[in-house]
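As structure tokens, the structure follows; a few thoughts come after it.
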Amino acid sequence: MDRTTYRLGVDIGGTFTDVVLMAADGTIFSKKVLSTPKDYSQGIETGVSALLTELQVDAGQIGEFVHATTVATNTIIERKGASVGLVTTKGFRDVLEISRFRTPRLYDIHHKKPDPLVERRMRFEVNERVASDGSIVKALDEAELDAIAAAFKADGIQAVAVTFVNSYVNAEHERRAAARLSQLLPGVPVTASVDLLPQLGEYERTSTTVVNSYIRPVVERYVDSLKARLDRLGIKAPLMIMQSSGGISPGDVVARQPIDIIESGPAAGVLGGQRLGVKIDVGQMLVFDMGGTTAKATVIEDFAFSLCPETEVGGGAALGTRMIKGAGYPVQVPTIDIAEVGAGGGSIAASDAAGGLLVGPRSAGAEPGPVAYARGGTQPTVTDANLILGYLNPGALVSGELSLDIEGARAAVKALGDRVGLSETDTAYGIHAIADATMLRALRGVSSEKGRDPSQYVMLAIGGNGPVHACTLAEAAGMKRIVVPPVAGLFSALGMLFADVEHQLVAAFYRRFDEVDRAALDAAAAPLLARGVDVLSSEGFTEAARRKLTLYADLRYVGQTAPLTLPVGESLDELAAAFHAEHQSVFGYASPKEAIQFVSLKLVAQGVPDQPRMPDSARRGAEKKAKAHVRRAFFGPAGWCETPVLPRSDLSSTPKAGPLIVEEYDTTVVVLPGWEASIDGWNNVVLARTTAA
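Quick look at the structure:
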């Protein structure tokens, strides 16, 4: 190949690691390999090395490396983080256990909150106090810090979190304490809450700081390990990592503040979907992403996705509604609003005590994987069921690189069918249908539960299994159009290449709205804007034209607990009107006569690229195309049908009626009877419904 500069995107999932290489003209090359849970960076090195060797591309030709990872989330879920010590104001030692009176299941008297990430014996109080107006009530006793540091050192503490009351108003004590502890504990990362979340909310601020400390050493080691692997491969491009908010940030920054990548992988797919929607003029979109372990859904309205100011981690899959909380650890960082359920290709099917079928949330993952992978799996999964139903190539996946054992899958599904009294076909279709029902909860979590009618949206089906289930899910939700983008099975790895460098900055601003004029607001925002300029300039965005700074304000009615985030324009009157309108939209009512309160100011600092991040069109290069043939497939009420199987390149702008199957390297598009498939100008497969349900 020529000396074209390439951009490389890598996404780690619970089952597969996806590698996408994109040339400047939009040509896409990809590789899909099984993930390596014992060391996820090993799977990256394996996949990248194999793809570069296959294409004969020199590693020096890679000008950008962007990565999305689940290492932060997995560390919390598996409780494999660092040993953390907490230093806080006297009287606030137990704020993590007191937390909030929330439960994810109403009236569940057996619900148990997750154990704090810091043992009580490693939570120390300091005799200091700052008042709510920032005045010093009690001076910091630094001698106490020496004793605390000695206790931490004796216990082998690996990370320290420092959270003092009201430090968001006056950070002097907290910064002095963090500096002193860093001096006394060399090599131990110390995180001060004011560096992460300088705003009101003692419990949420403490929880966010502790979570960051808990995962920080793990993420730092992971980033260092990944950098070493990239060096061995000869890749000199800087490491950029996808954030939960939809932007990318340098690996060194993320290593210090890993809470920003809690939802790294799912965010990449949503960002890619939003950018694609702009290209093809689809502003109302439901992004459906089904991988090997979980399925995710996100709504895009008016070409924009919504951000949640707070998310919870470590409490299992989220169903999308932010009214249900208490299952995990709250982290107050901007996160794309994503609903997630434990249903993926690797979800395990079993029988319950009553003799009925169950699917998920347990997953076979990458090790051992579905029975059909012949890697030691013995329990049937959704992938095994789809294979038996004829939806997947019975010989192999990823163009023959992963051979399949269909007879093993049949034996496992038949054994389950014998236990529940169903035939092999009915058992397989039952597994498929139950997985659909579970995933429908995610779609409704971001649409119907928020007053949106899903039938008015276009579905974007991505992930290795998304296009397999897209039609049946769309029918259940009343949707009539589906878009399957190029390399849909690796779309998160592709989508992150469309993201901009971005930093989310926060500053406290706790004032009544009617006591603030424009001069006071500008004065409070000035330090925040200066920080945004500094951080972007340090990353090469030195010219003003290459920096985009957008100021937001968190507002609420006086006495409320849940603020809304709105962009700050030229007029405060317009800001107030926008707040009332947004409150009406989100909560169903507005109170224009009630007093409004500022809670904090937020800045989104984005680097403006010198070249467009997204090409005008995308085509897969060096594709091993499926040979057109016919395969029997089962379509529920329509029964077994002789179904044409063809590659994407055999489709055109003239629709082809289903049933048919579009077989690709990274995914399979199942087109049901009553649907038709065509190709649009961006090389998307577009599915349209032709008959009523």
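Quick note on numbering: the working numbering labels position 4 of the sequence shown as 5, and the sequence is numbered without any gaps. Note that beta-carbon positions come from the ideal geometry of N, C-alpha and C, so glycine has one too.
- Between the region 42-59 and the region 122-133, the count of C-beta pairs closer than 8 Å stays below three; the two stretches do not touch.
- Secondary structure note for Asp437: its alpha helix (DSSP H) is the uninterrupted segment 425-446.
- Inter-residue distance for Leu390 and Gly356 is about 22 Å (C-alpha atoms, whole angstroms).
- For Thr566, the enclosing beta strand (DSSP E) covers residues 565-568.
- At a Cβ-Cβ threshold of 7 Å, Gly361 and Ser348 count as neighbours.
- Here Thr294 is near Thr16, since their CB atoms are less than 7 Å apart.
- Rounded to whole angstroms, the gap between the alpha carbons of Ala178 and Lys154 is 16 Å.
- Bridge pairing for Pro331: Glu313 [DSSP].
- Contiguous beta strand (DSSP E) elements confined to the region 609-652 occur at 630-635, 641-647, taking only those with 3 or more residues.
- Within the same chain, Pro455, Ser456 come within 7 Å of Gly479 by CB-CB distance, once the 5 residues on both sides are set aside.
- In the DSSP annotation of this structure, the continuous segment of the alpha helix (DSSP H) that includes Arg411 starts and ends at 407-421.
- In this model, Val119 and Ala350 are separated by some 36 Å (Cα to Cα).
- Leu22 and Gly14 have their C-alpha atoms roughly 17 Å apart.
- Straight-line spacing of the CA atoms in Ala634 and Glu643 works out to 7 Å.
- DSSP places Ser538 in the uninterrupted alpha helix (DSSP H) bounded by 519-538.
- At least 7 Å separates the beta-carbon of Pro115 from that of Gln159.
- Here Val600 is not near Pro648, since their CB atoms are 7 Å or more apart.
- Counted as a single uninterrupted DSSP element, the stretch harbouring Leu359 is not any alpha helix (DSSP H) but the beta strand (DSSP E) occupying residues 358-364.
- Between the region 286-306 and the region 443-462, the count of C-beta pairs closer than 8 Å reaches three or more; the two stretches touch.
- Taken through DSSP and simplified to helix, strand or coil, Phe542 comes out as coil.
- Ranked by Cα distance from Thr18, the options Ala434, Glu368, Ile435, Thr473 are led by Glu368.
- DSSP lists Lys297, Ile463 as the bridge partner or partners of Asp290.
- Along the length of the region 473-526, whole beta strand (DSSP E) runs at least 3 residues long occupy 482-485, 503-513, reported in chain order.
- Residue burial is scored here from C-beta neighbours: Ser653 has fewer than 16 other C-beta atoms within 10 angstroms and is therefore classed as exposed.
- According to DSSP, residue pairing for Leu308 in a beta bridge involves Ile337.
- In the three-state scheme derived from DSSP, where H, G and I count as helix and E and B as strand, His584 is classed as helix.
- The beta-bridge partner set that DSSP reports for Ile137 consists of Val131.
- Secondary structure note for Tyr558: its beta strand (DSSP E) is the uninterrupted segment 548-558.
- By the Cβ-count criterion, Glu575 is exposed, with fewer than 16 other Cβ atoms from all chains shown falling within 10 Å of its own Cβ.
- In the structure shown, the three-state DSSP call for Gly370 is coil.
- In the assembly as shown, Trp683 is a buried residue. Its beta-carbon has 16 or more other beta-carbons within 10 Å.
- As a beta-bridge residue in DSSP terms, Phe66 pairs with Leu9, Leu240.
- Under the DSSP assignment, Arg230 falls in the alpha helix (DSSP H) whose first and last residues are 203-234.
- Beta-bridge partners assigned by DSSP to Ala193: Val163.
- In this structure, the alpha-carbon of Lys91 lies about 50 Å from that of Asp353.
- Residue pairing for Ala606: DSSP places it in a beta bridge opposite His504, Leu550.
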